[in-house]
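Structure, as structure tokens:
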Ligand code: CP3
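Residue numbers (our numbering): 643 to 1012.
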């Protein structure tokens, strides 16, 4: 009997630009997608949100699939990202998380002291507690009919630990950062527990049909270099290594992995050494500088300031062209430097995507003719 894990047959892929860019292969134009494209800005998302609670949407594969496909009807993006949230992991570990409209996520009983770690489940079987995500991925992969690849994702350990301790968003993250200085051993214990769940979760996502994976370390920016090296990087590295290793053991082809450590401009060089195929950068990092540090080894993703989408069409075209010019057309995935905001005009998103396509095709042609 073969030891390989059964992967179902999916419709053949018709646009593999983003996969080729992630693998550092030649592309004829720059692939583009937008973080947080699968919600918030679209009227049909807001309409569906009036009928269903946020986590009900995440937990119902038919609905999660429907929302994932929504942006593809508006924008000519080169990838879909699964509609879900990073906080499904703390939920699977036994914490209660609510989404409060207008405010964001809230943990009614956050982790306050190291003793509270005992409240977490000792062993999380992702095939049970996060099976709804795997089902949503498989359903969406079929529904996409091979039009573009499907990106799966997870929050990274430090960001998930920070949310679980703060109980929601925070400006200082002082409660969770205090753990790093006062309870550093317990912090490592907590980060390792989260890491173990993330590894199984991402392996499950690939088996279910995800064709790329992105790790969101959204709160890297409140750590400095030293704390990032101690409390974020080792876990990011473990995740890249173990996900690839476990998939290989199951005879499943590993997929490209993207790391987005927002605000970690101080660690670009190190980020390129963690085993990821793509490093996603925010708008505070100069493309040239990033290229200098990592380009040989890795593909870059990013990095237009999402607020540039508030500017006039003319200015937005200029900002977008400049971005593509600075990154170049190869080993590059165009994106925003963070997710779109809820009040952004879908027309501007469309202009951003179309400008990347048009301008990068022209640039590529010039390069070939030169
Ligand atoms: O493109 C997509 O929208 C894909 C799905 C997606 C969501 N959240 C849906 C969502 C993804 C990839 C995320 C990731 C996520 N969630 C992150 C990392 C990315 C980042 O922005 O740094 C973080 C930090 C979270 C936690 C979270 N979820 C916050 C802070 C909030 C509230 C504020 C906000 O951003 O809207 C959410 C809610 C959330 N997640 C919404 C959506 C569509 C809006 C919820 C609503 O409709 O009430």
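In this text, a Cβ means the ideal position worked out from N, Cα and C, and glycines have one as well.
Short Cβ contact (8 Å threshold) for residue i with residue j
i	j	result
residue 759	residue 828	yes
residue 930	residue 968	yes
residue 841	residue 657	no
residue 593	residue 901	Outside the shown range of the chain, which is 643 to 1012, sits residue 593, and nothing can be said about it.
residue 943	residue 977	yes
residue 787	residue 948	no
residue 762	residue 779	no
residue 844	residue 835	no
residue 979	residue 919	no
residue 677	residue 863	no
residue 772	residue 824	no
residue 851	residue 783	yes
residue 709	residue 681	yes
residue 668	residue 972	yes
residue 961	residue 672	no
residue 991	residue 717	yes
residue 796	residue 690	no
residue 803	residue 832	yes
residue 781	residue 703	yes
residue 614	residue 798	For residue 614 there is no data in the structure shown, the boundaries of the chain being 643 and 1012.
residue 705	residue 711	no
residue 986	residue 683	yes
residue 894	residue 848	yes
residue 910	residue 936	yes
residue 774	residue 701	yes
residue 735	residue 768	no
With 16 other Cβ atoms within 10 Å as the buried cut-off, status of residue i
i	result
residue 887	exposed
residue 738	exposed
residue 1002	buried
residue 645	Residue placement at residue 645 is flagged as unreliable, the pLDDT there being 47, under the threshold of 50; a coordinate-derived value is accordingly withheld.
residue 813	exposed
residue 1008	exposed
residue 720	buried
residue 688	exposed
residue 926	exposed
residue 875	buried
residue 934	exposed
residue 643	Interpretation of residue 643 is limited by its pLDDT of 37, a score under 50 that renders its predicted location unreliable; no figure is taken from the coordinates.
residue 679	buried
residue 932	buried
residue 826	exposed
residue 939	exposed
residue 915	exposed
residue 754	exposed
residue 819	buried
residue 650	exposed
residue 770	exposed
residue 984	exposed
residue 955	exposed
residue 750	exposed
Cutoff 8 Å; reference residue i; Cβ partners in own chain excluding five residues on either side
i	result
residue 695	741
residue 999	671, 672, 674, 718
residue 807	752, 753, 754, 817, 818, 821
residue 952	986, 990
Cutoff 6 Å; reference residue i; Cβ partners in own chain excluding five residues on either side
i	result
residue 860	801, 904
residue 853	791, 792, 897
residue 883	917
residue 723	680, 793
residue 907	926, 927
residue 1004	none
residue 776	846, 850
residue 899	855, 882, 918, 919
Any non-hydrogen atom of the ligand NAP within 7 Å of residue i CB
i	result
residue 862	Ligands present in the displayed structure are limited to the ligand CP3, and the ligand NAP is not among them.
Beta-carbon contacts of residue i that lie in its chain and below 7 Å, excluding the five residues immediately before and after
i	result
residue 663	669, 673, 941, 973, 974, 975
residue 697	741
residue 950	958, 961
residue 1006	670, 671, 971
residue 756	825, 828
residue 746	810, 811
residue 995	674, 717, 718, 719
residue 666	941, 973
Short CB-CB distance (under 8 Å) between residue i and chain B
i	result
residue 688	Any reference to chain B falls outside this structure, which holds one protein chain only.
Discussion item. In chain order, what are the residue ranges of uninterrupted alpha helix (DSSP H) at least 4 long that sit wholly in the region 741-821?
Written reply: Entirely contained in the region 741-821, the alpha helix (DSSP H) runs reaching 4 residues are, in chain order, 768-771, 773-785, 799-808.
Practice prompt. Tell me the start and end of each unbroken alpha helix (DSSP H) in the region 843-904 that is at least 4 residues and wholly inside, in chain order.
Written response: If we require 4 residues or more, the alpha helix (DSSP H) runs fully inside the region 843-904 come out as 867-873, 875-891.
Worksheet item: What are the start and end residues of each continuous beta strand (DSSP E) run of 3 or more residues lying completely inside the region 906-939, in chain order?
Response: Taken in chain order, the complete beta strand (DSSP E) segments of 3 residues or longer contained in the region 906-939 are 920-922.
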